[in-house]
Structures are given as structure tokens and as C-alpha cells.
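The listed protein sequences derive, respectively, from chains A and B.
Under our numbering, read the first sequence as residues 1 to 217, first letter to last.
Under our numbering, read the second sequence as residues 1001 to 1217, first letter to last.
Note that the Cβ used here is the ideal one computed from N, Cα and C, for glycine as well.
Predicted model, so just to flag it, every value in this text is computed and none were measured.
2 protein chains.
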Amino acid sequence: MPDNATPELTAFSWVPPMPRGLVRDLRVRWVLEEMGQPYRTRLFDHRTDGAETRRPDQPFGQVPAFRQGDVALFESGAICLWLAERDPALMPQDEAARARVLSWIFAALNSVEPNILMLQYVTLFDGDKPGATEFAPTARSRLSDRLGQLSEALCENEWIAGPFSVADVLMVSVLRQLGRGDNLDPFPNLVAYVARGEARPAFQRALAAHMADFVED
Amino acid sequence: MPDNATPELTAFSWVPPMPRGLVRDLRVRWVLEEMGQPYRTRLFDHRTDGAETRRPDQPFGQVPAFRQGDVALFESGAICLWLAERDPALMPQDEAARARVLSWIFAALNSVEPNILMLQYVTLFDGDKPGATEFAPTARSRLSDRLGQLSEALCENEWIAGPFSVADVLMVSVLRQLGRGDNLDPFPNLVAYVARGEARPAFQRALAAHMADFVED
């Protein structure tokens, strides 16, 4: 892999207003900004480029997909991990510390995010489907239990797995999807944790680049 | 990390009959068996050992948690990846091939499993809650779309990311949760894929050890 090749990331040039600031290319941009690694984007218009257009790079027709030299990846979690392995500031080299970061990467994506996704399905994506409204309180309660456990694990620590790492990029990004709703409010340490992540200059640069790639309408 | 230390895995000595054969320690046992790596288990009884008992090892009170020497991990995905990195038969060393395997690991856990989990919530875990039955067809349809994309990606290939790898351990384990239900039936290549995984001697040994650790009732 020519490490000096410029990475290329797929992203959207248009999505509806709501998901702007949340599409998953942002997670990868954040990691790239933490690394100080320049990259270019290849953009799709959600209105005109169907999932089929994106399928050659991403089997589920989503963004982001990633290329650097002869390496191609999809799934923002995989891309973030692969990149972080190239920067000890994002993935420690000490084996015990690395194991902690790996654990929290998967916790964010396989133990926290599915509960958020379930709530999003019944309140947003499929909120108009039969049973959705009635099931929402159950989904909210499941999520709240999980957030309570996460809040206890974070405790008064600044970051989730020791010093700041790629696990925080993913966990903060996952929690950001709860937006300004009241789901996080019972857990002030999680609210502060998300704010700490969002305050990082690298996150701010990534968000600005993510937003700048959208055309107005 | 003393690589010759015997790994220790947490698992259950009792769960109700239904999840037997599906609890996530099985995923890690499968990887360990593929590696020919002996291990020991530390068992909890689901009836008497509450989540608090398991919390020191696993922040969500689940199994498995894993220790080898001074390395501790939780999240079956993290444990399987960490172990696979020690065996080129499970994680290729060529960077482009490794990137493919990483992508499919995260696809299994972050793009396929959440859709299965949503269906399990509305049909099993929370099947008696308001709206669950009415929402089930929507969850089934979302899952079916995702399985269709996975089926196209697998195509006529034997394994999901090139030669057999840890990505197959995770993807087959994720799909096995659909059990004998009819959700996989429209995708004969996925049915055959799961059967291929289950036919591996290492899977059979792992399943036998997983089942043998359960007390009768």
C-alpha cells in the first residue's frame, strides 16, 4: 500500500436537511482530520444516484467507501479502525491499551448503536408504519438502559478507553445521532462527553468539510 | 503480552433452552478452535448471577469477556478480531485482503446484525409489548432488503471476503440467529453459506464445548 497515496472517500452531495451533519462519511473525515491526512471525496447525489450507483464500492449502496492505493474498504467502523492503526495518537501500540480501544470500538457499533437505530426506525425512518408509535416507548426504554450502563462505564473519565482514541470518534459519533432529543439528558456525563468530542478542532474541520460538500438543494 | 498464557473466556452455565447454541461466547470459541488454541471458561449462572456480577469484566453485564495474560477484552467482535490477528489463516496479512476482511467484520456486526436484532426485539425479547406484533412485518421487510444485498454480495462465492476468515465466523454467527425461521429461505446461497460454516470441524467442536458448559436445568 503506497501510504502517500491520497485517500478517496465517497460521500453525498445532497441529502435531506435532517441527516446533514450525521452521514457516516463524517466519522471517517474526523479520523482523517485527527491524523492531519488530506483526502478527496467522490460525491453522489442522493436524489439522482440510486443505491445501484454506489453498489460497486459499497455492497449495501451506502456511503462511505474508501480507497487508498490498492486498499479498498467499506463500513465506517472498518475504515476508521484501519486508518487509526496508522496513528498511535488514535490507536495505542501497547497491547493492553489497544485491546481496550478495540473493545470500545465494537461496543459503540454493536452494543450501543443498534439500540439507537431501533429507536430511529420506530420514530423516524418507519415512524409511519403500523405499531411504530406504540413500540417507541419500549425502544426508548431499552436504549435508556444501555445508555445508563455506558454512563456508569464512562464515569468521570474524559474519554471512554483511556486517552482520546478512535473509540471516542466512533462512540461520540454514535451518540450524536440522538441529537438534541431528551434521550441523553438523564446522563450529564454523556452529554458532556459528546460536547468534548464535538469541541475538538479536528471534529469541527471534519464537520465543516462534510457540510461544505452538500449543494444547497 | 505472554502469548502462551491460557486464554480465559466468560460464558453461561445456564440460560433458557432457546438461546443455547447462540450465546456470543460461541463466536469466540469458534475462533479459538480454528486456531487450535486451548482455553478455559469462567461460568455464570443466568438465574443467580445478575448483570452486576458480570459487570467488572463486561460493562453491559453480558458475556463473553476475555483475558489472556495482561490483555482484557470484551465484545465478541473485538475478541474475535484480536485473536484472528494472531493467525494468518483467519486474518490475511496482505493489506488489501486484510482490508476486505475488516470491512466484512464490521458489515456483519453493524449493517446486518442490527436488522436481525430489531426483528428479535419485536418478535422475541419484547414481543409482548405494545406495537411489537404490528411492527414485526416492517422489521422483517427491512431485514429482507439487507439480506438480499448480502446475498448479491456473496453471489456464488464460498466465503464472504475471499478465503475463509474471521469475517465468516462473525457473518455466519450473525445469520445463525435467524435459526430455522423462514427469513433466510429466499436466499439459498445464504442458507448454504451458513451450512458451510456450521459444517467446519472447528465450529462443531466449539458448539459442543458451548453446549457442554450448560447444566441441565
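Interface flag, residue i vs chain A, CB-CB below 9 Å
{"i": "residue 1187 of chain B", "result": "no"}
{"i": "residue 1008 of chain B", "result": "no"}
{"i": "residue 1026 of chain B", "result": "no"}
{"i": "residue 1142 of chain B", "result": "yes"}
{"i": "residue 1121 of chain B", "result": "yes"}
{"i": "residue 1012 of chain B", "result": "no"}
{"i": "residue 1184 of chain B", "result": "no"}
{"i": "residue 1071 of chain B", "result": "yes"}
{"i": "residue 1100 of chain B", "result": "yes"}
{"i": "residue 1173 of chain B", "result": "no"}
{"i": "residue 1091 of chain B", "result": "no"}
{"i": "residue 1133 of chain B", "result": "yes"}
{"i": "residue 1061 of chain B", "result": "yes"}
{"i": "residue 1081 of chain B", "result": "yes"}
{"i": "residue 1035 of chain B", "result": "no"}
{"i": "residue 1117 of chain B", "result": "yes"}
Proximal residues to residue i (C-beta, below 6 Å), its chain only, five neighbours per side dropped
{"i": "residue 200 of chain A", "result": "none"}
{"i": "residue 145 of chain A", "result": "none"}
{"i": "residue 1151 of chain B", "result": "1187, 1189, 1190"}
{"i": "residue 1297 of chain B", "result": "Past the boundaries of the shown model lies residue 1297 of chain B; chain B is included only from 1001 to 1217, so the question cannot be answered."}
Presumed contact (8 Å Cβ cut-off) between residue i and residue j, rounded CB distance
{"i": "residue 205 of chain A", "j": "residue 33 of chain A", "result": "5 Å"}
{"i": "residue 105 of chain A", "j": "residue 166 of chain A", "result": "7 Å"}
{"i": "residue 59 of chain A", "j": "residue 1149 of chain B", "result": "6 Å"}
{"i": "residue 184 of chain A", "j": "residue 147 of chain A", "result": "7 Å"}
{"i": "residue 1020 of chain B", "j": "residue 1211 of chain B", "result": "6 Å"}
{"i": "residue 116 of chain A", "j": "residue 143 of chain A", "result": "6 Å"}
{"i": "residue 1118 of chain B", "j": "residue 118 of chain A", "result": "5 Å"}
{"i": "residue 181 of chain A", "j": "residue 1131 of chain B", "result": "In fact, because the Cβ distance is near 19 Å, the residues do not count as touching under 8 Å."}
Interface flag, residue i vs chain B, CB-CB below 9 Å
{"i": "residue 126 of chain A", "result": "yes"}
{"i": "residue 16 of chain A", "result": "no"}
{"i": "residue 23 of chain A", "result": "no"}
{"i": "residue 215 of chain A", "result": "no"}
{"i": "residue 158 of chain A", "result": "no"}
{"i": "residue 44 of chain A", "result": "no"}
{"i": "residue 75 of chain A", "result": "yes"}
{"i": "residue 1 of chain A", "result": "At residue 1 of chain A the pLDDT is 44, less than 50, meaning the model places this residue with poor confidence and gives no usable figure here."}
{"i": "residue 84 of chain A", "result": "no"}
{"i": "residue 64 of chain A", "result": "no"}
{"i": "residue 5 of chain A", "result": "no"}
{"i": "residue 114 of chain A", "result": "yes"}
{"i": "residue 109 of chain A", "result": "yes"}
{"i": "residue 150 of chain A", "result": "yes"}
Residues near residue i in its chain [Cβ-Cβ closer than 7 Å; skip 5 each side]
{"i": "residue 14 of chain A", "result": "45, 46, 47, 214, 215"}
{"i": "residue 1197 of chain B", "result": "1168, 1172, 1203"}
{"i": "residue 97 of chain A", "result": "162"}
{"i": "residue 207 of chain A", "result": "21, 26"}
{"i": "residue 113 of chain A", "result": "174"}
{"i": "residue 1049 of chain B", "result": "none"}
{"i": "residue 85 of chain A", "result": "91"}
{"i": "residue 38 of chain A", "result": "6"}
Residues bridged to residue i [DSSP beta-bridge criterion]
{"i": "residue 10 of chain A", "result": "A:42"}
{"i": "residue 83 of chain A", "result": "Note: residue 83 of chain A sits in no beta bridge, so no partner."}
{"i": "residue 199 of chain A", "result": "Paired residues: none, contrary to the question."}
{"i": "residue 1071 of chain B", "result": "B:1068"}
Cβ neighbours of residue i in the same chain (closer than 8 Å, five flanking residues each side left out)
{"i": "residue 28 of chain A", "result": "9, 64, 66, 76, 79, 80, 83"}
{"i": "residue 42 of chain A", "result": "8, 9, 10, 11"}
{"i": "residue 1054 of chain B", "result": "1010, 1044, 1061, 1062, 1063, 1065"}
{"i": "residue 194 of chain A", "result": "172, 175, 176, 184"}
{"i": "residue 156 of chain A", "result": "189"}
{"i": "residue 1052 of chain B", "result": "1061"}
{"i": "residue 1223 of chain B", "result": "Absent from the structure is residue 1223 of chain B, since the part of chain B shown begins at 1001 and ends at 1217."}
Residue i beta carbon near the ligand FAD (any heavy atom closer than 8 Å)
{"i": "residue 1144 of chain B", "result": "This structure does not include the ligand FAD; it has no bound ligands of any sort."}
Q: Mind the definition here: the stretch 1132-1140 of chain B touches the stretch 122-138 of chain A only if three or more C-beta pairs lie below 8 Å; say whether that holds.
A: yes
(Q) With three or more C-beta pairs closer than 8 Å as the rule, is the stretch 1150-1164 of chain B touching the stretch 1088-1101 of chain B? (A) yes
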